[in-house]
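Student:
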Amino acid sequence: MTAPTLDLLCIGNAIVDILAPVSHETLAALGSPAGSMTLIDAAQAADIEARIVPEEVMGGGSAANTAVVAARLGARVGYLGKVAADEAGLGYAADLSAQGLAYPSVPVENADRPTARCIILVTPDGQRTMHTYLGICTEFGPEDVDRDAVSSAAVTYMEGYLFDKERAQEAFVLAARTAHAAGRRVALTLSDTFCVARHRAAFRALVAGHIDILFANEAEICALYETESFDVAAEAAGRDAALVVLTRSEKGAVVISEGKSRAVPTDSVAVVDTTGAGDAFAAGFLAALANAHTLEACAALGNRAAAAIITHMGARPSETFTLRV
Numbered sequence: 001m002t003a004p005t006l007d008l009l010c011i012g013n014a015i016v017d018i019l020a021p022v023s024h025e026t027l028a029a030l031g032s033p034a035g036s037m038t039l040i041d042a043a044q045a046a047d048i049e050a051r052i053v054p055e056e057v058m059g060g061g062s063a064a065n066t067a068v069v070a071a072r073l074g075a076r077v078g079y080l081g082k083v084a085a086d087e088a089g090l091g092y093a094a095d096l097s098a099q100g101l102a103y104p105s106v107p108v109e110n111a112d113r114p115t116a117r118c119i120i121l122v123t124p125d126g127q128r129t130m131h132t133y134l135g136i137c138t139e140f141g142p143e144d145v146d147r148d149a150v151s152s153a154a155v156t157y158m159e160g161y162l163f164d165k166e167r168a169q170e171a172f173v174l175a176a177r178t179a180h181a182a183g184r185r186v187a188l189t190l191s192d193t194f195c196v197a198r199h200r201a202a203f204r205a206l207v208a209g210h211i212d213i214l215f216a217n218e219a220e221i222c223a224l225y226e227t228e229s230f231d232v233a234a235e236a237a238g239r240d241a242a243l244v245v246l247t248r249s250e251k252g253a254v255v256i257s258e259g260k261s262r263a264v265p266t267d268s269v270a271v272v273d274t275t276g277a278g279d280a281f282a283a284g285f286l287a288a289l290a291n292a293h294t295l296e297a298c299a300a301l302g303n304r305a306a307a308a309i310i311t312h313m314g315a316r317p318s319e320t321f322t323l324r325v
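In the UniProt record's numbering, the protein residues as written are 1 to 325.
1) With a CB to CB cut of under 6 Å and the five nearest residues on each side skipped, what residues in its chain are close to THR266?
2) Do the region 180-188 and the region 220-229 touch if we need at least three Cβ pairs shorter than 8 Å?
3) Assign GLU159 to one of three DSSP states: helix, strand, or coil.
4) What first and last residue would you give for the alpha helix (DSSP H) that runs through LEU295?
5) For the alpha helix (DSSP H) that ALA3 lies in, which residues bound it at each end?
6) Using 7 Å as the threshold, is the C-beta distance between PHE281 and ALA306 below it?
7) Report the three-state DSSP secondary structure of ILE213 (helix, strand or coil).
8) So if DSSP puts PRO21 in a beta bridge, which residue, or which two residues, is it bridged to?
9) Ordered along the chain, which non-local residues of its own chain (more than five positions away) have a Cβ less than 8 Å from that of SER105?
10) Compare the beta carbon distance of PHE140 and MET158 with 7 Å and say whether it is the shorter of the two.
11) Using alpha carbons as the reference points, say which of ASP41, GLU25, ALA75 and GLU319 lies closest to GLY100.
12) Among ALA20, SER257, ASP86 and LEU214, which one has its Cα closest to the Cα of THR129?
13) List the endpoints of the continuous alpha helix (DSSP H) containing TYR133.
Here it is, written out as structure tokens:
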């Protein structure tokens, strides 16, 4: 087996993020549950954009956020995600390259759909509610899996948000098989309870058959195993994946491996915006894992990376981000 040239390859929905602060009243008027991710169409996106004043516009998507944070931590990182060759898509590709990421995906010329965007509404308590118009990123399929990139990465990390379409599910399996054939590992983040509920059986099959490292928060893992008990869900996950990493907000994280469960606490910080907290945690964990740190040390860096992200608006590291592996 040849040595990997990438520590991490992330695969996900390539989405331009539009962040805007809103009142609880404005959020209630839209009818979306606080903290949820709702899929919307082009008309709904236009309606929401007419009600807000964007504070920040940047390249985003869950796996891309993880990729950028991991790169800032010092990891060698690549990303696969589908964009159109429109202004947003070309800007997205240029942004990832500027962040030091390898981006072998080619923007699609004359695409039928535009590049995706996610409108992230942040209430005064720091909670984020996402409204996502997926555009062309939902067309990601097996042909978009760069097998050379997958084979070159120590870990291929896939986001659950991309799992909505059957062809994307086929792409996940292809990526996993390609990685395993090259002697690499495969990680999955569940991303969202609603996404889990839509595709529970497919997720369960993917985790049991193809995933080495599973990331989830407390609500997501309980949704996957249809239980209200975190302990029951965690135990079930530990039977399905070799390494399970569960985040519990202010309680820190739980790491399950070889039948053993380890709780790793986190420090309290002043929350400004929780956008990207889980993405940053995964970045910290995987960047540390690439450097052969203990699992507890991996989770500790994940906690610190998440804490650094939630103290400012947006899912990207600020200019004062100084963490390193």
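Just so it is clear, CB atoms sit at the ideal spot from N, CA and C, and this is done for glycine as well.
Tutor: Quick look at the numbers:
1) GLY252 and ASN303
2) no
3) strand
4) Residues 295-309.
5) Counting along the chain, ALA3 falls outside any alpha helix (DSSP H), and DSSP gives it neither H nor E.
6) yes
7) Three-state DSSP puts ILE213 in a strand.
8) VAL122
9) ALA14, TYR79, LEU80, GLY81, LYS82, VAL83, ALA93, ASP144 and ASP146
10) no
11) ALA75
12) ALA20
13) TYR133 -> not in any alpha helix (DSSP H); beta strand (DSSP E) instead, spanning 128-133.
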